[in-house]
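The structure appears below as structure tokens.
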Amino acid sequence: MHDPGKEHCQAVKWILRHIRNTVDVGLIFEQEDSQYLVGYCDSDYAGDLDKRRSTTGYVFTSNAPVSWKSTLQSTVVLSTTEAKCMTITEAGNIRKINFCQFCGGSTKHEIPDGEEKVRAICTRCGKIIYENPKMVVGCLIEHDKKILMCRRKIQPSYGLWTLPAGYMEIGESAAEGAIRETLEEANAEVEVQSPFAQLDIPLIGQTYMIFLAKLKTPHFSPGPESSECRLYELDDIPFDSLAFSSMLVTLKLYIEDIKVGRPKFHYGIINKRPGTSPSEIHAYTLDYHMQS
């Protein structure tokens, strides 16, 4: 910049105009009980008139923007669909796997032969690192025509109500995991009666398996992850203070079954509505619902 020209002065003018028009604009980070990361992405098609490259744009927010990018794509694409696919891939790489879990080598991200999705591939040992969904297991416990529920003492959804549930661990079955989670969260010993619902949530890579269960003894109390445990009449369940969409769906299906006589087994896919955060538990559709 020792010899600025006309184009440099013009650039400075653009910057000053931008500052003048955005002096009242800023990023405000507020403290909230729940913190969720929500991402948005979009693209244009061949917006660069010189090289006909498209533009990738994305932003991730958690009460306020925390990461964003707008840049020309590295290659020329032949359709708007291809441009959007590249944008989604680029945005998804914000949580990409950078190192191999087997040897610690660095990874590259590309589509392996015979596959359709971008994967993390180790540049040292050549192994493909797959990301798989997590299994959440829990119990819907009925006692004296009431449902046992726990108020969460941890994030996410601190202070909200849920059925006792958590991630299944290596070396245990789904039923064993549900029994363990119930003991940990409600200090309650239960006997599993039957599977009640399998609910897939593709957006967050989780599958819920909820079992119907009975208390072995009428004793329960809050565990380390719960601040309160109590039995709710079906009409008194706090639907406006539930922690997760999966719990909302499970309880609604159970109440519907009880009204017609007996519980069934349910399968469904919970799809969150576009533009909503995970904390908006009512913003979903239950798709491919099957029951038997």
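Under this note's numbering, the sequence shown has 68 at position 68, and the numbering climbs by one with no breaks. Don't be surprised by glycine CBs; every beta carbon is placed ideally from N, CA and C. For clarity, every value in this text was computed on a predicted model and none was experimentally measured.
Check: Report, in whole angstroms, the separation of the C-beta atoms of Ala186 and Ser226, which I expect to be a contact under 8 Å.; Outcome: 7 Å
Check: For a quick check, are the C-beta atoms of Leu212 and Leu140 less than 8 Å apart?; Outcome: yes
Check: Is the separation between the beta-carbon of Glu191 and that of Lys153 shorter than 8 Å?; Outcome: no
Check: My parser needs the alpha helix (DSSP H) runs of 4 or more residues fully inside the region 170-223; what are they?; Outcome: 174-186
Check: Start and end of the beta strand (DSSP E) containing Leu231?; Outcome: Ser226 to Glu233
Check: Among the residues of its own chain, which have a CB less than 8 Å from the CB of Arg119, if the five just before and after it don't count?; Outcome: His109, Glu110, Ile111, Pro112, Ile128, Ile129 and Tyr130
Check: Going by DSSP in three states, Tyr254 sits in which element: helix, strand or coil?; Outcome: helix
Check: For Ala284, does the count of other Cβ atoms within 10 angstroms reach 16, so buried, or fall short, so exposed?; Outcome: Reading off the sequence shown, one finds Tyr at residue 284, where the question assumed Ala. Under this definition Tyr284 is a buried residue.
Check: Report the residue from Thr162, Cys103, Met135 and Val136 whose alpha carbon sits nearest the alpha carbon of Ile147.; Outcome: Thr162
Check: Specify whether the region 167-184 and the region 235-255 touch according to this definition: at least 3 beta carbon pairs, one from each stretch, less than 8 Å apart.; Outcome: no
Check: Compute the distance between the beta-carbons of Val249 and Gln206, then report whether it is under 8 Å.; Outcome: no
Check: What is the rounded straight-line gap between the Cα of Lys84 and the Cα of Ile281?; Outcome: 28 Å
Check: Using DSSP with H/G/I as helix, E/B as strand and the rest coil, what is Met168?; Outcome: coil
Check: From which residue to which residue does the alpha helix (DSSP H) around His289 run?; Outcome: Careful: His289 lies outside any alpha helix (DSSP H), inside the beta strand (DSSP E) at Tyr284 to Gln291.
Check: Within its chain, find whatever has a CB closer than 6 Å to the CB of Ala178; leave out the 5 residues flanking it on each side and keep chain order.; Outcome: Val137, Gly138, Cys139 and Phe211
Check: Let me confirm a value: Met149 is counted as buried when at least 16 other C-beta atoms fall within 10 Å, else exposed. Which label applies?; Outcome: buried
Check: Tell me Val249's beta-bridge partners as DSSP assigns them.; Outcome: In DSSP, Val249 forms no bridge with anything.
Check: Are the region 70-81 and the region 38-57 touching, with three or more C-beta to C-beta distances below 8 Å?; Outcome: yes
Check: What's the gap between the Cα of Gly126 and the Cα of Phe239?; Outcome: 49 Å
Check: For Ser106 versus Thr123, is the C-beta spacing smaller than 8 Å?; Outcome: yes
Check: Sorry if obvious, but does the Cβ on Tyr267 come closer than 7 Å to a heavy atom of the ligand HEM?; Outcome: Annotation note on the ligand HEM: not contained in the displayed structure, which lists no ligands.
Check: Where does Asp42 fall in DSSP's three states?; Outcome: strand
Check: Measure the Cβ-Cβ separation of Leu251 and His266 and say whether it is below 8 Å.; Outcome: no
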